[in-house]
Amino acid sequence: MALSGRVEPLRRAIELGANLIDTAEVYGTEDVVGQALHGIRDRVFVATKVSGSNLRYDDVLRAADASLRRLQTGVIDLYQIHWPNSAIPIAETMRAMETLVDRGLVRRIGVSNFSLPELREARAALSKYPIVSNQVLYNLNRREIEDDLLPYCVEHRITIIAYTPLDDGRLAVLPRVRMNRKTLVLGRIAKETGKTPAQVALNWCTSRPNVIAIPKSNRSARVVENCGASGWRLSEHQIQALDAAFA
Ligand SMILES: NC(=O)c1ccc[n+]([C@@H]2O[C@H](COP(=O)([O-])OP(=O)(O)OC[C@H]3O[C@@H](n4cnc5c(N)ncnc54)[C@H](OP(=O)(O)O)[C@@H]3O)[C@@H](O)[C@H]2O)c1
411 MALSGRVEPL
421 RRAIELGANL
431 IDTAEVYGTE
441 DVVGQALHGI
451 RDRVFVATKV
461 SGSNLRYDDV
471 LRAADASLRR
481 LQTGVIDLYQ
491 IHWPNSAIPI
501 AETMRAMETL
511 VDRGLVRRIG
521 VSNFSLPELR
531 EARAALSKYP
541 IVSNQVLYNL
551 NRREIEDDLL
561 PYCVEHRITI
571 IAYTPLDDGR
581 LAVLPRVRMN
591 RKTLVLGRIA
601 KETGKTPAQV
611 ALNWCTSRPN
621 VIAIPKSNRS
631 ARVVENCGAS
641 GWRLSEHQIQ
651 ALDAAFA
């Protein structure tokens with residue numbers, strides 16, 4: 411019963427066509443994801459993460475094994491290093507990540523919270539397989555990656571997985587009073603497009619080249635709403651207006 415509320419929104423998202431589920435060993439949600447995937451594993455791209463404190467060679471292998479068991483799957487589609495750890499040589503961690511791919515337990519290697527220098531170093535430490543993604547903070551209010559990381563990832567065809575794309579809900583629920591320039595523009599564009607502010611904020615994220623977004627909600631109605639952020643496009647004019655208001 412306690413878990414049903416969490417499996418249900420995941421199932422609902424998958425029914426609506428969501429095809430990527432992101433989790434991590436530290437979230438404590440891999441078991442729930444495993445349950446939600448019963449019978450429909452093939453329809454979903456499963457991404458999880460090894461904690462930044464488990465980056466020694468043997469620890470990575472052990473962590474992956476435990477994640478596979480909790481997820482009740484034979485392979486992780488994307489295995490990400492959750493955050494960098496300067497105390498452990500990245501070459502050691504990447505050797506373990508490549509071993510996991512060689513053993514058929516992981517399909518692709520990703521990182522998370524890596525700055526541009528850290529990403530460069532991590533890429534150089536791999537000998538056989540590429541880094542396909544970097545999961546980082548990105549939303550209308552938090553656009554730091556646009557300076558260097560995003561252009562680099564576009565150039566090297568590394569997907570940016572935007573976490574906290576609704577700025578922890580702040581972009582989804584606009585204030586009723588005391589609207590500022592940002593919320594006024596977001597609200598206006600939501601009206602123009604017939605979408606909600608959350609759908610506009612998510613669509614803005616994915617209008618960037620190479621960017622996908624992973625909103626989180628424990629409520630099925632919001633999952634339905636967030637799934638409605640795809641299948642249409644903001645106009646160039648609307649994107650420019652949002653860019654300017656949230657600059
Ligand atoms: N790699 C990392 O270090 C890292 C760090 C942070 C997050 N992440 C990933 O990113 C995912 C999302 O990030 P996040 O949870 O930080 O932030 P988020 O998706 O920007 O916002 C989630 C918050 O917004 C609310 N919300 C969601 N949809 C809504 C809607 N349509 N209308 C109103 N409120 C809505 C949720 O509440 P309810 O649940 O009550 O609906 C929740 O409080 C996480 O699940 C995680 O996988 C990764």
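Counting from 411, one number per residue, gives the positions in the sequence shown under the working numbering.
Each residue gets a CB set at the ideal place from its N, CA and C atoms; glycine is no exception.
Residue 648 versus residue 572 - alpha carbon distance: Answer to the nearest angstrom: the Cα atoms are 20 Å apart.
Nearest-angstrom Cβ-Cβ length linking residue 615 and residue 623, presumed shorter than 8 Å: 4 Å
Any beta strand (DSSP E) of 3 or more consecutive residues that is wholly inside the stretch 454-483: Listed in chain order, the beta strand (DSSP E) elements of length 3 or more contained wholly in the stretch 454-483 are 455-460.
Cβ-Cβ distance between residue 467 and residue 506 below 8 Å: yes
Distance cut-off 7 Å: residue 522 Cβ against heavy atoms of ligand 1: For ligand 1, at least one heavy atom lies less than 7 Å from the Cβ of residue 522.
Member of 464, 544, 549 whose CA lies at the smallest distance from the CA of residue 656: 549
Straight-line gap, residue 528 to residue 494 (C-alpha atoms, nearest Å): 8 Å
Distance, residue 462 Cα to residue 557 Cα: 25 Å
Residue(s) in a DSSP beta bridge with residue 623: 572
Supposed contact pair residue 630 and residue 499 - C-beta distance, whole angstroms, cut 8 Å: Between residue 630 and residue 499 the Cβ distance is about 44 Å, and since that is not below 8 Å, they are no contact.
Per-residue burial, residue 555 [other beta carbons within 10 Å of its own, 16 or more giving buried]: buried
Buried or exposed by the 16-neighbour rule on C-beta atoms within 10 Å, applied to residue 605: buried
Residue 626 Cβ short of 7 Å to ligand 1 heavy atom set: It does: the Cβ of residue 626 is within 7 Å (strictly closer) of some heavy atom of ligand 1.
Bridge partners - residue 441, DSSP secondary structure assignment: Answer by DSSP bridge pairing: none, since residue 441 is not bridged.
Beta-ladder partner(s) of residue 516, from DSSP: 486
Any non-hydrogen atom of ligand 1 closer than 7 Å to residue 381 Cβ: Residue 381 lies beyond the residue range present for the chain, which begins at 411 and ends at 657; the question has no answer from this structure.
Same chain only: Cβ atoms within 7 Å of residue 533, ignoring 5 sequence neighbours per side: 541
CA nearest to the CA of residue 452, picked from 472, 430, 600: Here the closest residue by C-alpha is 430.
Residue 428 versus residue 638: straight-line alpha-carbon distance, rounded: 10 Å
Whole beta strand (DSSP E) elements within the stretch 520-588, 3-residue minimum: 541-547, 569-573
Inter-stretch contact at 8 Å, needing at least 3 Cβ pairs: the stretch 473-482 / the stretch 509-525: yes
Heavy atom of ligand 1 within 7 Å of residue 578 beta-carbon: yes
Buried versus exposed call for residue 611 [16 or more other C-beta atoms within 10 Å across all chains shown]: buried
heavy atom of ligand 1 below 7 Å from residue 551 C-beta: Residue 551: no, Cβ never under 7 Å from ligand 1.
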